[in-house]
Amino acid sequence: FMNLLDIIAKAKDEKAKSLDLSQMGLRILPPTLFEIDSLEELNLDRNLLVELPEDIGLLKNLKSLSVSENDLMSLPDSIGNLKKLTNLYLGYNSLSELPDTVGALQNLQKVNIAKNQLLDLTPEVGKWANVTKFSLHDNMLSEIPATIGNMKNLEKLYLDNNDLTSIPASLGKLENLEILMISGNHIGAVPSEFGNLKKLRELVLDANQLATLPESLAECDNLSVISIIENPMEGGIPRVLLDKKGLNIDQ
Numbered sequence: 030f031m032n033l034l035d036i037i038a039k040a041k042d043e044k045a046k047s048l049d050l051s052q053m054g055l056r057i058l059p060p061t062l063f064e065i066d067s068l069e070e071l072n073l074d075r076n077l078l079v080e081l082p083e084d085i086g087l088l089k090n091l092k093s094l095s096v097s098e099n100d101l102m103s104l105p106d107s108i109g110n111l112k113k114l115t116n117l118y119l120g121y122n123s124l125s126e127l128p129d130t131v132g133a134l135q136n137l138q139k140v141n142i143a144k145n146q147l148l149d150l151t152p153e154v155g156k157w158a159n160v161t162k163f164s165l166h167d168n169m170l171s172e173i174p175a176t177i178g179n180m181k182n183l184e185k186l187y188l189d190n191n192d193l194t195s196i197p198a199s200l201g202k203l204e205n206l207e208i209l210m211i212s213g214n215h216i217g218a219v220p221s222e223f224g225n226l227k228k229l230r231e232l233v234l235d236a237n238q239l240a241t242l243p244e245s246l247a248e249c250d251n252l253s254v255i256s257i258i259e260n261p262m263e264g265g266i267p268r269v270l271l272d273k274k275g276l277n278i279d280q
């Protein structure tokens with residue numbers, strides 16, 4: 030443990046901007062870590078952390094925080110104090126929810142919370158207007174908040190392998206969305222508003238409960254792939270989609 034304290038003391042003395050404490054078997058984080066207020070990048074991947082202390086909020090210059098592959102059960106409210114964060118990586122943990130304070134993280138650009146146990150998602154994520162990539166695959170979400178439609182710079186959204194029964198029509202407002210993955214859910218219909226997704230290139234809907242697709246998808250100018258493998262599709266595929274030039278439909 031002394032070794033860890035030495036590393037932290039050295040980083041503090043040198044006003045380090047980056048610190049890698051991954052794969053160190055950490056169960057708790059020493060309080061002195063949160064005195065390194067020069068830190069812009071902190072890597073805590075592949076440890077044994079069950080929680081982050083409230084003091085994480087003291088690292089106000091952090092731009093990148095990675096705590097992937099730990100045992101995190103929850104995040105402290107103070108996470109909302111990290112207002113300079115652009116990258117937040119929390120994949121492969123046991124998070125069941127996010128605190129509402131995450132709405133304050135308005136500089137975020139890339140967020141990964143895949144492979145957790147998220148049961149619901151705070152509507153506050155709709156304030157992440159600069160996020161371009163949002164990974165939520167392999168969770169237990171039964172719905173996603175309509176506010177996601179406000180994430181106007183979102184380009185890639187991964188929702189595969191959840192428990193979604195529907196998709197909010199507001200996703201049709203994501204004018205920069207290029208890739209949408211929703212495989213492995215229980216979705217019965219695609220909102221007709223998806224026709225507004227002018228930049229959408231790939232729409233992957235495998236293993237859902239779809240009976241058909243909306244004709245409006247023909248208005249997605251850049252759409253090149255729709256995948257609907259393992260869906261009932263008893264209503265068939267609209268002719269206007271089958272005839273659309275440059276569109277491949279995998280079924």
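In this note's numbering, each residue carries its 1-based index in the sequence shown increased by 29. Ideal Cβ positions, reconstructed from N, Cα and C, are used throughout, including at glycine.
K89 and D66 do touch by the CB rule: their CB atoms are close to 7 Å apart, below 8 Å. Between L186 and L209, the C-beta spacing is below 8 Å. Annotation: A240 to E263 spans about 5 Å, alpha carbon to alpha carbon. N122 is the residue among N122, T130 and D129 whose C-alpha sits nearest the C-alpha of Q146. By the 16-neighbour rule on beta-carbons within 10 angstroms, H166 is buried. Closest in alpha carbon position to S245, among A198, M180, Q238 and L94, is A198. A Cβ-Cβ separation of about 7 Å places S171 in contact with L193 under the 8 Å criterion. CA-to-CA, the gap between T130 and E153 works out to about 8 Å.
Classified as buried, S164 has 16 or more neighbouring CB atoms from the shown chains inside 10 Å of its CB. If you look at V269, you'll find it in the alpha helix (DSSP H) that goes R268 to L271. Short of 8 Å from the beta carbon of M180, and not among the five residues preceding or following it, lie these beta carbons of its own chain, in chain order: V154, G155, W157, A158, V160, F163 and L203. DSSP, reduced to helix, strand and coil, places K185 within a strand of the structure shown.
About 6 Å separates the beta carbons of P220 and G201, which is inside the 8 Å limit, making them a contact pair. Remark: C-beta atoms of L87 and L117 do not approach each other more closely than 8 Å.
Pairing N190 with K41, the inter-Cα distance amounts to about 42 Å. Excluding sequence positions up to five before and after K112, its CB lies within less than 8 Å of the CB of K89, A133, L134, Q135 and N136, all in the same chain and listed in chain order.
According to the DSSP secondary-structure assignment, I208 is paired through a beta bridge with K185 and E231. Scanning its chain for C-beta atoms nearer than 6 Å, with the 5 sequence neighbours on each side dropped, one finds around S125 the residues Q146 and L148, in chain order. With fewer than 16 other Cβ atoms from the protein chains shown falling within 10 Å of its own Cβ, K274 counts as exposed. For T194, the secondary structure class from DSSP, reduced to helix, strand or coil, is coil.
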